[in-house]
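Structure record follows, encoded as structure tokens.
Residue numbers (the numbering used here): 1 to 80.
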């Protein structure tokens, strides 16, 4: 399995946990960047990067949808 496949699997497993844990959902709502979300995942033992999360934008797993929000002054696509 490629490294990208492992990261995607880890992200999907993390999102399944998010679906089950309201406290984790609240923590994610407070995160501002994909890197902050990735740090939460890493703290819980999931090998996920901010770039993994951004590449997953627009997709869903375990009932959790990942949506990228572009803020003024950002450069869309710079994390790819």
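The C-beta atom is built at its ideal place from N, Cα and C for all residues, glycine as well. For clarity, every value in this text was computed on a predicted model and none was experimentally measured.
Practice item. Have a look at residue 38 and residue 63 and give me their C-alpha separation to the nearest angstrom. Key: 18 Å
Review point. Shortest alpha-carbon distance to residue 11 belongs to which of 68, 67 and 61?
Key: Here the closest residue by C-alpha is 61.
**Study point:** Collapsed DSSP secondary structure at residue 60 in the structure displayed
**Key:** strand
Practice item. Reducing DSSP to helix, strand and coil, say where residue 65 ends up. Key: strand
Review point. Which one of 45, 16, 13 and 54 has the shortest CA to CA distance from residue 32?
Key: 54
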